[in-house]
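Heads up, the sequence shown is in UniProt numbering, so the first residue is 1 and it goes up one at a time. All residues carry an ideal CB built from backbone N, CA and C; glycine is no exception. Here's the structure, in structure tokens; my notes come after.
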Amino acid sequence: MSWADLTPNTQDALIFVALLLPIGVLGAVLLRGYAPWSLVGAMLGRFRWTAAIFVVVVAVSVAMGVGLIAQERGLRIGTARAADGFDIVVTAPGSEVTMMLASVYLQPTDAPLLDGTTYAAVAGAAHVALAAPLAFGDSVGASPVVGTTADLVTHLAKGPPEGHMFEAEHEAVVGALVPLAIGETFEPAHGVGDGADHDAHDVDFVVVGRMPLTGTPWDNAVVVPIEAVWGVHGLADGHDADHDHAHEAEHEHGPEKLGPPFDPAHFPGTPAIVIKADSLAASYALRSQFTRDRETMAFFPGAVLSQLYGIMGDLRAAMSLMALVSQALVAASVLVGLFILTRLFARHLALLRALGAPGRYLMAVVWAFSGVLLGAGAVLGLGGGVLATWGLSRILSARTGIAVPATFGWAELNLVAGFVLVAMVLALLPAVAALRLPVLARLRA
Numbered sequence: 001m002s003w004a005d006l007t008p009n010t011q012d013a014l015i016f017v018a019l020l021l022p023i024g025v026l027g028a029v030l031l032r033g034y035a036p037w038s039l040v041g042a043m044l045g046r047f048r049w050t051a052a053i054f055v056v057v058v059a060v061s062v063a064m065g066v067g068l069i070a071q072e073r074g075l076r077i078g079t080a081r082a083a084d085g086f087d088i089v090v091t092a093p094g095s096e097v098t099m100m101l102a103s104v105y106l107q108p109t110d111a112p113l114l115d116g117t118t119y120a121a122v123a124g125a126a127h128v129a130l131a132a133p134l135a136f137g138d139s140v141g142a143s144p145v146v147g148t149t150a151d152l153v154t155h156l157a158k159g160p161p162e163g164h165m166f167e168a169e170h171e172a173v174v175g176a177l178v179p180l181a182i183g184e185t186f187e188p189a190h191g192v193g194d195g196a197d198h199d200a201h202d203v204d205f206v207v208v209g210r211m212p213l214t215g216t217p218w219d220n221a222v223v224v225p226i227e228a229v230w231g232v233h234g235l236a237d238g239h240d241a242d243h244d245h246a247h248e249a250e251h252e253h254g255p256e257k258l259g260p261p262f263d264p265a266h267f268p269g270t271p272a273i274v275i276k277a278d279s280l281a282a283s284y285a286l287r288s289q290f291t292r293d294r295e296t297m298a299f300f301p302g303a304v305l306s307q308l309y310g311i312m313g314d315l316r317a318a319m320s321l322m323a324l325v326s327q328a329l330v331a332a333s334v335l336v337g338l339f340i341l342t343r344l345f346a347r348h349l350a351l352l353r354a355l356g357a358p359g360r361y362l363m364a365v366v367w368a369f370s371g372v373l374l375g376a377g378a379v380l381g382l383g384g385g386v387l388a389t390w391g392l393s394r395i396l397s398a399r400t401g402i403a404v405p406a407t408f409g410w411a412e413l414n415l416v417a418g419f420v421l422v423a424m425v426l427a428l429l430p431a432v433a434a435l436r437l438p439v440l441a442r443l444r445a
């Protein structure tokens, strides 16, 4: 069996063992036949505050490295999950990244509109199971208002909402994190953020349903029929007069009929159309079909994310390098500190030398003392890194609306194991230096 035949977890586990194995071999050689732990414990007690400072410094360095790497991976996982429900997005030609951020992550942007003829061509294409237009521009507090169809809400929520789906123009379904209760009314503001005009629309909506938690920015969205967004802006509702009269007659006896089919002549426009194809092969065919120069742009949000992940891969390498450099600086600081500590208990070591203690025993004492400090700092740093990752995930989730998981894996363990290996090898230097101390001079000090 070759290395390539092993599972990734097995490979990572073997790397972890390989990083720790030299420490075990080194310890077995130095400590063979000796029991320096009682003396090491006495030294830790004698210099406990100095030792505690070194442990904290090592722990902070390890926690920073672990937190940076784990958080970058959690952000990639969270953004990928948020785009799962968006197979294809069709927009006017422009920036794929900008339109992905607008349609998938609900980031406000100005975008040209696709007309009714284009929407009809998309919705009527073969193998299109869902073609949902989107409309943006309004907000309720910090929550964006999104106009779309009931089918897209059901698709993203993976089922019916709590309560019921909107059945009239002035009904709304809210995301799981929107602070509006079912039955509560609201008036949307025109625009988002501090520049929103709260008196632009004299229209009230009532919340009739709530989507389950999806871990996406849509958890903080207020979703209404796209006809409502068009209507409050004084535009046509996408249906012809005969359709409207039929709706008015049926509304007297039951719910309004909303959504497709739309009349191209009365379709005000949409910045983006979300498509769900009936097969993977059809998705590629549809992307090619609706990628037209100066007309439409069709893209896979997942493919755009992959391009961003390539950039983030370079960022990950830079972050890993930063973590390694910071840990190397800390290891150098610890090394200098160990030399200083060796000077502090140099008299005790000189007394042991005068009593006939072998040089390897003195090396074992100093090296084991260093190992306790580094090991304790590494373990505390792992715990601190986990807590830091959890805290950063909560902050990023609250800021972005994306469920960023707090992940912890072999990459973090191998990073810490590599740091400990290098530090333990460097710890041999103060151990060797302890043998070079002049015995008589230290005894007289």
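Each residue's CA atom was taken as its position, placing ALA368 and ARG48 some 15 angstroms apart.
Annotation for LEU114: no beta strand (DSSP E) segment contains it, and DSSP assigns it neither H nor E. Ranked by Cα distance from ALA265, the options ASN220, GLY209 and GLY238 are led by GLY238. With respect to the 7 angstroms criterion, VAL104 and ALA83 are classified as neighbours on the basis of their beta carbons.
In the displayed model, GLY269 falls within coil according to three-state DSSP, outside both helix and strand. Secondary structure within the stretch 102–182: the beta strand (DSSP E) runs of 3 or more consecutive residues, fully enclosed, are 128–140, 143–148 and 171–174 (chain order). Beta bridge pairing from DSSP links ALA277 with VAL128. In the three-state reduction of the DSSP assignment, ALA35 falls in the coil class, being assigned neither a helical nor a strand state. Straight through space, the alpha carbons of LEU101 and PHE136 are spaced by roughly 12 angstroms. Along the length of the stretch 351–435, whole alpha helix (DSSP H) runs at least 4 residues long occupy 359–400, 410–426 and 428–435, reported in chain order. If you ignore the 5 residues before and after PHE267, its C-beta comes within less than 7 angstroms of the C-beta of ASP115, GLY116, TYR119 and GLY238, all in its own chain and listed in chain order.
Judged by DSSP secondary structure, GLY78 falls within the alpha helix (DSSP H) whose first and last residues are 48–82.
The beta carbons of LEU30 and MET363 sit about 6 angstroms from each other, so the pair counts as a contact at 8 angstroms.
In the displayed model, ARG287 falls within a helix according to three-state DSSP.
The beta carbons of ALA272 and VAL89 sit closer together than 7 angstroms. Counted as a single uninterrupted DSSP element, the beta strand (DSSP E) harbouring ALA298 occupies residues 297–299.
The shortest C-alpha to C-alpha distance from GLU184 to any of PHE86, GLY163, VAL404 and GLY385 is the one to GLY163. Cβ atoms of ARG81 and THR407 stay farther apart than 8 angstroms, at about 12 angstroms. Below 8 angstroms, too few C-beta pairs join the stretch 290–309 and the stretch 138–152 to call them touching: fewer than three. By the Cβ test, the stretch 324–336 is not in contact with the stretch 27–46, since fewer than three Cβ pairs between them sit closer than 8 angstroms. About 10 angstroms separates the beta carbon of VAL174 from that of PHE166, a gap too long to meet the 8 angstroms contact definition. Counting along the chain, no alpha helix (DSSP H) covers VAL208; the unbroken beta strand (DSSP E) around it starts and ends at 205–210.
When the five nearest sequence neighbours on each side are left out, the beta carbons in the same chain lying within less than 7 angstroms of the beta carbon of LEU177 are those of ASP219 and ASN220, in order along the chain. Using a Cβ-Cβ distance cut-off of 8 angstroms, the stretch 410–420 and the stretch 59–72 are in contact, since at least three pairs of beta carbons, one from each stretch, lie closer than that value. For GLY234, the closest of PHE86, GLY269 and GLY259 by C-alpha to C-alpha distance is GLY269.
In the DSSP annotation of this structure, the continuous segment of the alpha helix (DSSP H) that includes VAL229 starts and ends at 226–232.
For THR91, the enclosing beta strand (DSSP E) starts and ends at 88–91. When secondary structure is reduced to three states using DSSP, THR98 falls in the helix class. Here the alpha carbons of GLY377 and PHE54 stand approximately 8 angstroms from one another.
Residue pairing by DSSP places ALA189 opposite SER139 in a beta bridge. For the 7 angstroms CB-CB criterion, PRO430 and LEU324 do not form a contact. When GLN11, SER393 and PHE16 are compared, the shortest CA-CA separation from GLY215 is found for SER393. Between LEU380 and LEU19, the C-beta spacing is not below 7 angstroms. Rounded to whole angstroms, the separation of the alpha carbons of SER279 and ILE15 is 40 angstroms.
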